[in-house]
Amino acid sequence: MPEVAPLLDQMADALRQRIERLGQESIALVGIHSGGVWIAEQLHQRLELNEPLGTLDISFYRDDYTRVGLNPSVKPSNLPFATESRHIVLVDDVIMSGRTIRAALNELFDYGRPDSVSLVTLLDLPGRELPIQPDIAGQRLELPEGVRIKLSAEPLALALSEPVTA
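If you count the sequence shown from 1, position 14 lands on 14 in the UniProt record's numbering, and the numbers rise without skipping.
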């Protein structure tokens, strides 16, 4: 399993270079609950940003909301800044199908129209169902069928869950 801290350092460096290369000012980081918020907090510290960190809980924006119901741990979204004319860096822990990111973009645009949105993820897993790709990923990983990966907090660590066998 990859160590999280070195991936975060690499991601912060890549993000800093991207911001400089594109000449972006007025950057705001937005983490997706919950793993994306943990990653965004770490990147926010490493980049020494003055702007407060934003958070999104995309539970009401999921396309499977009516099928699976409401997650019991729904948290309110918090964007303590205007999104209009901003460069938003959307952060999540893992991208796989792309559906979580689609939901996050829908919610984000309900707050206003940013100048741009960049996507940063700790892990990039295969299995896209939508044409959404990260601009920066800590690592691309392939997992065996049925195996999932989970990010835990304090300290940030990755763990595999083995598939259930019948």
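Virtual Cβ for every residue (Gly too), placed ideally from N, Cα, C.
Between which two residues does the alpha helix (DSSP H) holding residue i run?
i	result
T100	R99 to D110
R21	V4 to L22
Going by the CB atoms, is the gap between residue j and residue i shorter than 7 angstroms?
i	j	result
R86	S161	no
L80	P52	The sequence shown places Pro at residue 80, not Leu. Yes, the pair counts as a contact, with Cβ atoms nearer than the cut-off.
L29	A12	no
I132	L15	no
Indicate the three-state DSSP secondary structure (helix, strand or coil) for residue i in the structure shown.
i	result
D92	strand
I39	helix
R113	coil
Q139	strand
A159	strand
S118	strand
L123	strand
Which residue comes first and which comes last in the beta strand (DSSP E) that contains residue i?
i	result
I149	R148 to S152
G54	G54 to L56
I132	It is not in any beta strand (DSSP E) - I132 carries neither H nor E in the DSSP assignment.
A28	I27 to I32
Can you give the Cα-Cα distance for residue i and residue j, rounded to whole angstroms?
i	j	result
Y111	S152	29 angstroms
P6	V117	24 angstroms
L22	E154	33 angstroms
V37	A157	14 angstroms
V4	A82	31 angstroms
G146	M96	13 angstroms
I19	I88	11 angstroms
residue 168	P144	Residue 168 falls outside the range modelled here, since the chain spans only 1 to 166, and no answer is possible.
L8	E107	26 angstroms
residue 201	L105	Because residue 201 is not part of the residues shown, which for the chain are 1 to 166, the question remains open.
residue 168	Q42	Nothing can be reported for residue 168, as the shown portion of the chain is limited to 1 through 166.
R46	G138	14 angstroms
query: Just checking, does the stretch 92 to 102 make contact with the stretch 114 to 121 on the three C-beta pairs under 8 angstroms criterion?
result: Yes: the two stretches touch, three or more of their Cβ pairs being nearer than 8 angstroms.
query: Is there contact here, the stretch 50 to 59 with the stretch 95 to 105, by at least three beta-carbon pairs under 8 angstroms?
result: They touch, by the three-pair rule.
field: Inter-stretch contact (C-beta, 8 angstroms, three-pair minimum) for the stretch 124 to 131 and the stretch 30 to 43
entry: Touching, no, given that fewer than three Cβ pairs across the two stretches are closer than 8 angstroms.
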